[in-house]
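Note sheet for the following structure.
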Amino acid sequence: MKLTFFGAAGEVTGSCSLIETTNQKILIDCGMFQGSEEHEQKNRLALQFDPKGISAVLITHAHLDHVGRLPLLAKNGFEGFVYATPPTRDLARLILEDACGVMEYDNKKFGKPLLYNMDDVEKIMTQFKTVKYYESLKLDGGNVIATFRDAGHVFGSAFIEVAAEGKKVVFSGDVGNVDVPILPDTDALPKDLDALICESTYGDRQHESSKEREEMLRKIINEVVNKKGVLMIPSFALERTQELLYALNDLIERDHKLKQVPIFLDSPLAIDALKVFEKYPDYYDEEAARFFKEGDDIFDFPGLTKTYTRDESIKINHTPAPKVIIAGAGMMTGGRIMHHALHYLSEKQNTILMIGYQSPGTLGWKILRGNPTVPVLGETIQVRCEVKMINAFSAHGDKEKLGRWISNGGHAPKLVILNHGDKDQSAALAAALAGQGIEAMPAEYEKSFEI
1096 MKLTFFGAAG EVTGSCSLIE TTNQKILIDC GMFQGSEEHE QKNRLALQFD
1146 PKGISAVLIT HAHLDHVGRL PLLAKNGFEG FVYATPPTRD LARLILEDAC
1196 GVMEYDNKKF GKPLLYNMDD VEKIMTQFKT VKYYESLKLD GGNVIATFRD
1246 AGHVFGSAFI EVAAEGKKVV FSGDVGNVDV PILPDTDALP KDLDALICES
1296 TYGDRQHESS KEREEMLRKI INEVVNKKGV LMIPSFALER TQELLYALND
1346 LIERDHKLKQ VPIFLDSPLA IDALKVFEKY PDYYDEEAAR FFKEGDDIFD
1396 FPGLTKTYTR DESIKINHTP APKVIIAGAG MMTGGRIMHH ALHYLSEKQN
1446 TILMIGYQSP GTLGWKILRG NPTVPVLGET IQVRCEVKMI NAFSAHGDKE
1496 KLGRWISNGG HAPKLVILNH GDKDQSAALA AALAGQGIEA MPAEYEKSFE
1546 I
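Every letter in the sequence shown is one number past the one before it in this note's numbering, and letter 33, counting from 1, is 1128.
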């Protein structure tokens, strides 16, 4: 079995790995490169493999950096099937349609080339086939068997075991955080693995606990209310926003710990994603499933307004402070958060709260690292507001979670290859694993491994 990495090697974006067996060429994910202009330029390069020769694609989850280049496969002759869990399939459609809309806007406004169009999105969606957790997917007449297990990262996410030619390899996709609301915990790794390809987004970092997360959120919101300010929360539309709504539901309806304040969900994509969450309650953890059965809408609470249309979004500006605005994009690479940043970044009584990874070069990264001025929609804006970060809202496991999951109670894989992490994060986790006696190394772009 041969493995080659065509993305997410030394970086946290563009996930795409190729498995080659005697008769099959199988992709694990085919994601878009996101972040700086340098990253996004990679999307415009020719694919490093012939899509016509790909037998199948296995998808770990629906984030854009894992599914964003799928339509390029259809556009360039791929005729096989794309396998994913039912929620991942439904969410992938939303993510790809949204990405296509953004590209069409950028094409008209800035002349940026289109990677693909809506016809390509529709074509690839017809090639999806759904797979349930723990179900054996047989490819190449049963010579290759793939098994999807719950990664606990985002709704419907999976890590995927591939057994072929006497070898067993797991692709982690993204590994979930601990005590994540809504989702079950990450499943344990299978034993006797020949190799694990594992993400390393937070390879040297420790998150706050889930209890600290809600307390920090409560404190930040109440401080903003006291200052009569505006709290901006850039949030990823898939999972991060739903977890945030779930936490706010807890604080407002069950714990009564928040001062009354208007809260706006200003993200059409996140609002559409809520419908997918509501469609598949079987994928909830025990607590969320219990609330659902009791009739509690876990994503709604007094004071929440969902602004779907552009006109509804504009009206947020006319609502006096204090107020809370949740909007995409999570790394501030576009979306409605940009318009709110234009209005509110320069006022001292306001706060911007980051709750997710910020890729180097993005607007979110520049604000988080303390740049005094930043470019927003063609203007240079002074950052006078408070800047806060809560790492515990991350959908990724930290160093401790990853180390514990990989060691697997003394049944660690024979080899660990670390991808989906900046070089320093992958190197730090590799060193930590080596300290446990586990052979580990960072993935390298376009480098192949024989397993």
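Ideal placement from N, C-alpha and C gives every residue a C-beta, glycine not left out. Computed from a prediction, not measured in an experiment: that's the story for all the values here.
### Task
Classify residue 1520 as helix, strand or coil using the three-state DSSP reduction.
Position 425 of the sequence shown, counting from 1, holds the residue named residue 1520. In the structure shown, residue 1520 falls within a helical segment according to DSSP collapsed to helix, strand and coil.
#### Entry: Within 9 Å, strictly: CB atoms of residue 1302 and residue 1281
Within the sequence shown, numbered from 1, the residue matching residue 1302 stands at position 207. Within the sequence shown, numbered from 1, the residue matching residue 1281 stands at position 186. At least 9 Å separates the beta-carbon of residue 1302 from that of residue 1281.
### Task
Find the nearest neighbour of residue 1358 within the set 1340, 1527, 1350, judged by alpha-carbon distance.
To locate residue 1358, count along the sequence shown from 1; it is residue 263. Comparing Cα-Cα distances from residue 1358 to each of 1340, 1527, 1350, the minimum goes to 1340.
### Task
Taking residue 1117 as the reference, give the member of 1253, 1539, 1236 with the closest Cα.
What you label residue 1117 is simply residue 22 of the sequence shown in a count that begins at 1. The shortest Cα separation from residue 1117 among 1253, 1539, 1236 belongs to 1236.
### Task
Keeping to the same chain, check which residues put their C-beta closer than 6 Å to that of residue 1286; ignore five residues upstream and five downstream.
Reading the sequence shown from its first residue, position 191 is the one you call residue 1286. Taken in chain order, the residues that qualify are 1506.
### Query
What residue range is occupied by the uninterrupted beta strand (DSSP E) comprising residue 1112?
Taking the sequence shown and counting its residues from 1, one reaches residue 1112 at position 17. Per DSSP, residue 1112 belongs to the beta strand (DSSP E) from 1112 to 1115.
### residue 1517 and residue 1135 closer than 9 Å at C-beta
The residue you call residue 1517 lines up with position 422 of the sequence shown. The residue you call residue 1135 lines up with position 40 of the sequence shown. For residue 1517 and residue 1135, no; Cβs fall outside 9 Å.
### Message
Going by DSSP in three states, residue 1426 sits in which element: helix, strand or coil?
### Response
As a first step, residue 1426 is located in the sequence shown; it is residue number 331 there, counting from the start. Coil at residue 1426, not helix or strand.
### Task
Would you mind listing the beta strand (DSSP E) stretches within the stretch 1221 to 1254 that are 3+ residues and don't spill past its ends, in chain order?
Here the runs fully enclosed are 1223 to 1225, 1231 to 1234, 1239 to 1245.
### Message
My assumption, with CB atoms under 8 Å, is that residue 1178 sits in contact with residue 1157. Please give the rounded CB distance.
### Response
The sequence position of residue 1178 within the sequence shown is 83, counting from 1. The sequence position of residue 1157 within the sequence shown is 62, counting from 1. Approximately 13 Å separates the beta-carbon atoms of residue 1178 and residue 1157; this is outside 8 Å, ruling out the contact.
### Query
Do residue 1194 and the ligand GDP come close, with the Cβ less than 8 Å from some heavy atom?
Ligands are entirely absent from the displayed structure, and the ligand GDP is therefore not among its contents.
### When 1472, 1115, 1407, 1375 are compared against residue 1257, the one with the closest alpha-carbon
What you label residue 1257 is simply residue 162 of the sequence shown in a count that begins at 1. A check of alpha carbon separations from residue 1257 across 1472, 1115, 1407, 1375 identifies 1115 as the nearest.
### Query
Which residues does DSSP pair with residue 1448 in a beta bridge?
Here residue 1448 refers to the residue found at position 353 of the sequence shown. DSSP, once it has assigned bridges, lists 1483 as partnering residue 1448.
#### Entry: Residue range of the unbroken alpha helix (DSSP H) whose run includes residue 1513
Along the sequence shown, one-based indexing puts residue 1513 at 418. Per DSSP, residue 1513 belongs to no alpha helix (DSSP H); it is in the beta strand (DSSP E), 1511 to 1514.
### Message
Just to confirm the assignment: which complete alpha helix (DSSP H) runs, minimum length 4, are found wholly within the stretch 1149 to 1203?
### Response
Listed in chain order, they are 1159 to 1162, 1165 to 1170.
### Task
Give me whichever residues DSSP pairs with residue 1477 in a beta bridge.
By one-based count along the sequence shown, residue 1477 stands at place 382. Answer is 1468, bridged to residue 1477.
### Query
Name the DSSP bridge partner or partners of residue 1328?
By 1-based counting over the sequence shown, the position of residue 1328 is 233. According to DSSP, residue 1328 bridges with 1421.
### Task
Give the straight-line distance between the Cα atoms of residue 1347 and residue 1164, rounded to the nearest whole angstrom.
As a position in the sequence shown, residue 1347 is number 252, starting the count at 1. As a position in the sequence shown, residue 1164 is number 69, starting the count at 1. Taking the CA atoms as reference points, residue 1347 sits about 40 Å from residue 1164.
### Query
For the candidate residues 1461, 1420, 1438, whose alpha-carbon lies nearest to that of residue 1557?
Here the chain covers residues 1096 to 1546 and nothing more, so residue 1557 does not appear.
### Buried/exposed call for residue 1582, threshold 16 Cβ in 10 Å
The structure shown has nothing for residue 1582, since the chain only spans 1096 to 1546.
### Query
Is the beta carbon of residue 1439 less than 9 Å from the beta carbon of residue 1265?
For this step, residue 1439 is matched to residue 344 along the sequence shown. For this step, residue 1265 is matched to residue 170 along the sequence shown. Cβ atoms of residue 1439 and residue 1265: not closer than 9 Å.
### Query
Out of 1408, 1209, 1147, which has the shortest C-alpha to C-alpha gap to residue 1140?
In the sequence shown, counting from the first residue as 1, residue 1140 sits at position 45. For residue 1140, the nearest C-alpha among the options comes from 1209.
### Query
If we ignore side chains and look at the alpha-carbon of each, how far apart do residue 1207 and residue 1138 end up?
Start at 1 with the first residue of the sequence shown, and residue 1207 comes out as number 112. Start at 1 with the first residue of the sequence shown, and residue 1138 comes out as number 43. Per the coordinates, the alpha-carbon of residue 1207 lies some 12 Å from the alpha-carbon of residue 1138.
### Task
Inspect the beta-carbon positions of residue 1104 and residue 1298 and report whether they are closer than 9 Å.
Residue numbering aside, residue 1104 sits at position 9 when the sequence shown is read from its first letter. Residue numbering aside, residue 1298 sits at position 203 when the sequence shown is read from its first letter. No; because the gap between Cβ atoms is not below 9 Å, this pair is not in contact.
### Query
Where DSSP assigns a beta bridge to residue 1457, which residues make up the other side?
As a working note, residue 1457 is residue 362 in the sequence shown. Among the bridge pairs identified by DSSP, residue 1457 is matched with none.
### Where the alpha helix (DSSP H) through residue 1383 begins and ends
Along the sequence shown, one-based indexing puts residue 1383 at 288. Residue 1383 -> alpha helix (DSSP H) spans 1381 to 1388.
### Query
Going by alpha carbons, who is nearest to residue 1183 out of 1194, 1153, 1271, 1395?
One-based indexing of the sequence shown puts residue 1183 at position 88. Nearest C-alpha to residue 1183: 1153.
### Task
Have a look at 1343, 1401, 1394 and flag the residue whose alpha-carbon is nearest the alpha-carbon of residue 1362.
To locate residue 1362, count along the sequence shown from 1; it is residue 267. Looking at 1343, 1401, 1394, the one whose alpha-carbon comes closest to that of residue 1362 is 1401.
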